[in-house]
Structures are given as structure tokens and as C-alpha cells.
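I have placed the structure first, in the form of C-alpha cells, so that the comments after it can refer back to it.
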Amino acid sequence: MTPVARAVLVVTFLLAACNGSPSPTTTTPADAQVPPADAGPVTIVDTEIAAGTDGHRLVVEGTQPTPCHGLGWFVEPANGRVEVSVWSEPPPTGEVCAQVIEAFSIEIDLGAPDGGTEVVLNGQVVG
Numbered sequence: 376m377t378p379v380a381r382a383v384l385v386v387t388f389l390l391a392a393c394n395g396s397p398s399p400t401t402t403t404p405a406d407a408q409v410p411p412a413d414a415g416p417v418t419i420v421d422t423e424i425a426a427g428t429d430g431h432r433l434v435v436e437g438t439q440p441t442p443c444h445g446l447g448w449f450v451e452p453a454n455g456r457v458e459v460s461v462w463s464e465p466p467p468t469g470e471v472c473a474q475v476i477e478a479f480s481i482e483i484d485l486g487a488p489d490g491g492t493e494v495v496l497n498g499q500v501v502g
């Protein structure tokens, strides 16, 4: 087997191993750790607050450490603000994964915040 064919085989195997990656999770105030102890970083690239008939949503685009990481987020309205935290969740222990940055795009339901409500994402004001 040539070195190029071997490299393609290894990359194909690593990417296939990530197909069972954790799906995005959300937490509610009753069961949340914001963020959990094993949370990892995400890089936020773009945000948008979109209004709909059933409330507002926050569209977040960014990157996470690998394709095998999952995403977690938490929303907590308090005192004229909506606090949103987004983090990466590590893959299961022992899972083989390609070490490449993975783009993500998620929509987070903000409910129907009052007019003038400030949205804060990972400590930064949005919008």
C-alpha cells in the first residue's frame, strides 16, 4: 500500500469513527451546570437574533475542537437579560477522532423576551 493510500485510509477511518459523535444537548435551569466541569471551548464566529411568531432565537455560528465533540448550551433569563452559555462537550473516552476544527451552526430558543432585553452570549453582549 502506498503512503498516500495509507493516509487516505487512516483519514477515512478517523472521520467514520466520528459519525456517532454526540448530538447537541441543552440543559434547563433545574439540571444545569453552566458550563459543566469537562466543558471545552468554542469559538464564536457570528451571531444573529431572529424574531419569529413563537419568540426569538439566537443563531450562533462558530467552531469547536473536533468533529467528535458535541455542543451544550444553557439559557437563563434574569433581570432584563438573557444569559446564554455555549460550550463543547468532549467525545466519549477512548473514541478515536480526527484532530481538525469543526464548524457548527445552532439555533437557540430564547422564548419571548421583553422589549429592550439584553442578550449575553458567553459573557459578551449580542445584537
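Each residue of the sequence shown is one higher than the one before, starting from 376 at the first, in the working numbering.
C-beta atoms are modelled at their ideal positions from N, C-alpha and C, and glycine is treated no differently.
Predicted model, so just to flag it, every value in this text is computed and none were measured.
Around the C-beta of residue i, are 16 or more other C-beta atoms found within 10 angstroms, so that it is buried, or is it exposed?
| i | result |
| --- | --- |
| residue 467 | exposed |
| residue 500 | exposed |
| residue 400 | Confidence at residue 400 is low in this model, with a pLDDT of 49, below 50, so the placement of that residue is unreliable and no value is reported for it. |
| residue 464 | buried |
| residue 447 | buried |
| residue 504 | Nothing can be reported for residue 504, as the shown portion of the chain is limited to 376 through 502. |
| residue 435 | buried |
With the cut-off set at 8 Å, would you say residue i and residue j are in Cβ contact?
| i | j | result |
| --- | --- | --- |
| residue 357 | residue 419 | What the structure shows of the chain is the stretch from 376 to 502, and residue 357 is not part of that stretch, so it cannot be assessed. |
| residue 461 | residue 417 | yes |
| residue 492 | residue 457 | yes |
| residue 475 | residue 442 | yes |
| residue 415 | residue 452 | no |
| residue 486 | residue 430 | yes |
| residue 470 | residue 432 | no |
| residue 424 | residue 502 | yes |
Is DSSP giving residue i helix, strand or coil here?
| i | result |
| --- | --- |
| residue 481 | strand |
| residue 425 | strand |
| residue 444 | coil |
| residue 380 | The predicted position of residue 380 is uncertain, since its pLDDT is 37 and thus under 50; a value taken from the coordinates is nonetheless stated next. Looking at residue 380 - three-state DSSP - the assignment turns out to be helix. |
| residue 419 | strand |
| residue 508 | The displayed coordinates of the chain run from 376 to 502. Any statement about residue 508 would go beyond what the structure contains. |
| residue 473 | coil |
| residue 492 | coil |
| residue 486 | strand |
| residue 453 | strand |
Does the CB of residue i have a neighbour CB from chain C at under 8 Å?
| i | result |
| --- | --- |
| residue 433 | You won't find chain C in this structure, because it holds only one protein chain. |
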